[in-house]
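Visitor: Just so we're aligned: 228 in numbering that gives the first Met the number 0 is position 229 of the sequence shown, and the numbers increase by one with no gaps anywhere. Just so you know, even glycine gets a beta-carbon here, dropped at the ideal spot from N, CA and C. Quantities reported herein were computed from a predicted structural model and do not represent experimental measurements.
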Amino acid sequence: MSRDRFDVAVIGAGAAGMMAAAVAGQRGLRVVLIDHAERLAEKIRISGGGRCNFTNLGASPAQFLSRNPDFCRSALRAYGPQDFLDLLRAHGVSWHEKHRGQLFCDDSSESVIQVLRRECDAGGVAWRMPCGVQSVAREGGGFALSTDVGPIRAAQLVLATGGMAIPQMGATDFSLRIARQFGLRIVEPRPALVPLTFDAGHWQPYAALSGVALEVRLSHEQRAPEDRAAAPGLPGSESAPDSPGGLPASPDGGAAARPARAGRKPRRGAGRAEFLEDLLFTHRGLSGPGILQISSYWQPGDPIRIDLAPGQAMGDALVAAKSGSRQTLLTALSGIWPRRLAEAWLAQEDAAGASAAGSARHASGQGAAGGLGGLRLADVPDRHLRALGEGIHGWTLWPTGTAGYKKAEVMRGGVDTDELDQRSLQSHRCPGLYIVGEAVDVTGWLGGYNFQWAWASGAACGRALTAARAANPAGWG
Ligand SMILES: Cc1cc2nc3c(=O)[nH]c(=O)nc-3n(C[C@H](O)[C@H](O)[C@H](O)COP(=O)(O)OP(=O)(O)OC[C@H]3O[C@@H](n4cnc5c(N)ncnc54)[C@H](O)[C@@H]3O)c2cc1C
């Protein structure tokens with residue numbers, strides 16, 4: 000076989016591509032792995048804070064978003080977290096569980112990269128890296144690639160160039176472009192696991208909270224397109240009186256916490272996502288694991304709802320704390336919350352002025368000067384404390400956007416799963432073409448799920464490539 004002819008060309012030497020190449024190579028196929036990057040598997044390297052959250056013990060189809068949520072089932076069943084652990088064990092790599100089934104390397108993510116590289120070497124995989132691919136064409140039942148190092152021909156082609164997150168690290172839409180070229184449908188790609196942003200003016204009261212983190216419960220109600228079009232802050236929408244233009248609503252739960260909207264019966268196709276995770280305030284908006292999780296479900300025009308004191312019954316707790324207390328409302332709230340958040344929240348209550356809790360000032364006979372936070376807790380009427388609690392448990396926000404691919408961990412959307420066979424990841428429309436990993440419309444939650452999908456889809460494809468060659472013993476090349 001000549002130097003530029005292979006059974007399989009895999010474009011993209013990341014998590015899924017290396018897995019597919021190694022499995023196919025070890026089954027006797029001649030495989031070439033092509034990547035345009037200077038350094039191998041950068042996303043594995045930087046993942047999990049440098050320790051790679053390489054899988055999650057609880058991985059199941061329930062933690063993946065896709066137009067077809069069952070699509071990932073077959074690959075995940077055939078190659079689950081334990082299979083990857085067996086691989087790491089065989090290479091002497093140790094790991095630990097950090098949080099809710101999330102597994103990280105004890106040492107560094109480099110060890111995962113080296114495991115995959117050694118597995119590729121064991122399969123005799125040929126490397127072309129760094130090597131750009133200019134074009135891909137069908138030729139004689141196989142594929143002809145034009146690359147930086149000259150033409151490469153292969154009987155089968157695996158697209159494994161991942162998603163568009165972190166373009167500054169070389170991420171591209173290559174797989175989507177080639178898939179489109181061969182007539183495959185694409186589910187609109189979007190940044191996911193990404194911070195959410197807000198209108199700068201409306202976020203201003205919270206910008207000073209940058210760095211504050213706390214555990215919260217976040218939820219997102221998937222809405223019908225007609226509801227989305229009528230969201231506050233979008234043209235033609237009903238605009239909340241104190242919350243124009245994609246704002247974070249005032250903490251009194253005023254406009255944004257309207258129960259009528261929240262209580263609306265979900266329509267067909269609607270779904271609800273909920274996460275108990277940490278939230279991080281930033282200068283531009285919200286981040287942290289909780290926001291990253293909910294961002295994958297969020298669509299422009301949707302609100303998100305945040306319980307800022309999950310499991311605490313804040314209103315009742317403040318009422319109960321009144322008896323015999325000489326502390327101020329600010330001191331009481333700071334006992335439960337980060338002080339900066341308590342200050343900002345009460346300042347917003349003051350700014351809202353006419354809000355139920357804000358009017359407590361007037362009820363207690365105090366003027367605006369000291370602000371709500373300066374009131375003695377014992378002087379604030381129960382109903383105002385309960386209203387304050389309701390706002391804290393039901394903060395409803397309309398993000399204006401996301402921080403984009405530059406800050407996203409993954410891309411959602413990708414090659415439509417209807418185009419692919421779920422056992423092999425082969426295209427129905429274009430036999431011999433396979434798409435694996437993040438380029439497929441399968442997006443995992445934060446917590447090791449995306450790598451698990453990369454391993455599982457890569458392994459499924461690697462095994463099928465072997466079978467495809469056996470079915471066509473004349474091969475190509
Ligand atoms: C900051 C960050 C942290 C993350 N942490 C985690 C984590 O801890 N756990 C987890 O499960 N997931 C994590 N992810 C997500 C995870 O990295 C990806 O889902 C996973 O790497 C996808 O695997 P893949 O093989 O499909 O693509 P990638 O691993 O991205 O590999 C794609 C490869 O294709 C190459 N390529 C791209 N375009 C071209 C082109 N035009 N020509 C040639 N080659 C090309 C790239 O150089 C790259 O090597 C993280 C992502 C980011 C950005």
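1) Run through the region 81 to 153 for me and flag every whole beta strand (DSSP E) of 3 or more residues, listed as ranges in chain order.
2) Taking the C-alpha atoms as reference points, what is the distance between residue 76 and residue 115?
3) State yes or no: is the C-beta of residue 171 nearer than 7 Å to some heavy atom of ligand 1?
4) Since residue 205 sits in a beta bridge, which residues does DSSP pair it with?
5) Go to residue 277, then tell me how far its beta strand (DSSP E) extends in each direction, as first and last residue.
6) Closest by CA to residue 15, which one among 36, 7, 40 and 2?
7) Tell me which same chain residues have a C-beta within less than 8 Å of the C-beta of residue 153, skipping the five on either side of it?
8) Where does residue 46 fall in DSSP's three states?
9) Quick check on residue 218: does DSSP put it in helix, strand or coil?
10) Smallest Cα separation from residue 316: which of 58, 27, 186 and 334?
11) According to DSSP, simplified to helix, strand and coil, what is residue 171?
12) What would DSSP say about residue 449, mapped onto helix, strand or coil?
13) Assuming residue 64 and residue 218 make a contact with CB atoms under 8 Å, what is their CB distance in whole Å?
14) Is the beta carbon of residue 308 closer than 8 Å to that of residue 392?
15) Can you pull the DSSP bridge partners for residue 425?
16) For residue 428, which residues of its own chain have a beta-carbon under 8 Å away from its beta-carbon, when the five flanking residues on both sides are left out?
17) Using a threshold of 7 Å, is the CB atom of residue 52 nearer than that to any non-hydrogen atom of ligand 1?
18) Less than 7 Å separating the Cβ of residue 21 from some heavy atom of ligand 2?
19) Using the Cβ count rule (16 or more neighbours within 10 Å means buried), how would you classify residue 155?
20) Compute the Euclidean distance between the alpha carbons of residue 321 and residue 204, then round it to the nearest angstrom.
21) Could you tell me the distance, in whole angstroms, from the CA atom of residue 124 to the CA atom of residue 43?
22) Considering only residues of the same chain and omitting the five flanking positions on each side of residue 169, which have a CB-CB separation below 6 Å?
23) Determine the contact status of residue 345 and residue 314, defining contact as a CB-CB distance below 8 Å.
24) When you compare each of 120, 290 and 89 to residue 29 by their alpha carbons, which one comes out closest?
25) Using the Cα positions of residue 47 and residue 435, report the straight-line distance between them to the nearest angstrom.
26) Can you look up residue 286 in the DSSP assignment and give me helix, strand or coil?
27) Taking the alpha carbon of residue 80 as the point to measure from, which residue in 407, 45 and 56 has its own alpha carbon closest?
28) Compare the beta carbon distance of residue 175 and residue 214 with 8 Å and say whether it is the shorter of the two.
29) Would you mind sorting residue 412 into buried or exposed? The rule is 16 or more other CB atoms within 10 Å of its CB.
30) Run through DSSP, which three-state label would residue 3 get?
31) Please report the distance separating the alpha-carbon of residue 222 from that of residue 431.
32) With a threshold of 16 other CB atoms inside 10 Å of the CB of residue 319, please say whether the residue is buried or exposed.
33) Determine the contact status of residue 136 and residue 158, defining contact as a CB-CB distance below 8 Å.
34) Just grab the DSSP bridge partners of residue 30 for me.
35) So, for residue 190: in the same chain, excluding its five sequence neighbours on each side, which residues have a beta-carbon less than 6 Å away from its beta-carbon?
36) Let me check one thing: in DSSP terms, what residues is residue 190 bridge-paired to?
Guide: Quick answer:
1) 94 to 98, 101 to 104, 125 to 127, 132 to 138 and 141 to 146
2) 21 Å
3) yes
4) According to DSSP, residue 205 bridges with nothing at all.
5) 271 to 280
6) 40
7) 4, 5, 6, 7, 8, 31, 141, 142, 144, 475 and 476
8) Three-state result, residue 46: helix.
9) strand
10) 334
11) coil
12) helix
13) At roughly 15 Å, the Cβ-Cβ gap does not stay under 8 Å, so residue 64 and residue 218 are not in contact.
14) yes
15) 433
16) 181, 182, 183 and 418
17) It does: the Cβ of residue 52 is within 7 Å (strictly closer) of some heavy atom of ligand 1.
18) In the structure on display, ligand 2 does not appear, and the ligands it does have are ligand 1.
19) buried
20) About 28 Å.
21) Residue 124 and residue 43 have their C-alpha atoms spaced approximately 20 Å apart.
22) 36
23) no
24) If we check each option's Cα against that of residue 29, 120 comes out closest.
25) 21 Å
26) strand
27) Checking every option, the nearest Cα to that of residue 80 belongs to 56.
28) no
29) buried
30) coil
31) 38 Å
32) exposed
33) no
34) 7
35) 401, 403, 404 and 407
36) According to DSSP, which records beta bridges pairwise, residue 190 is partnered with 410.
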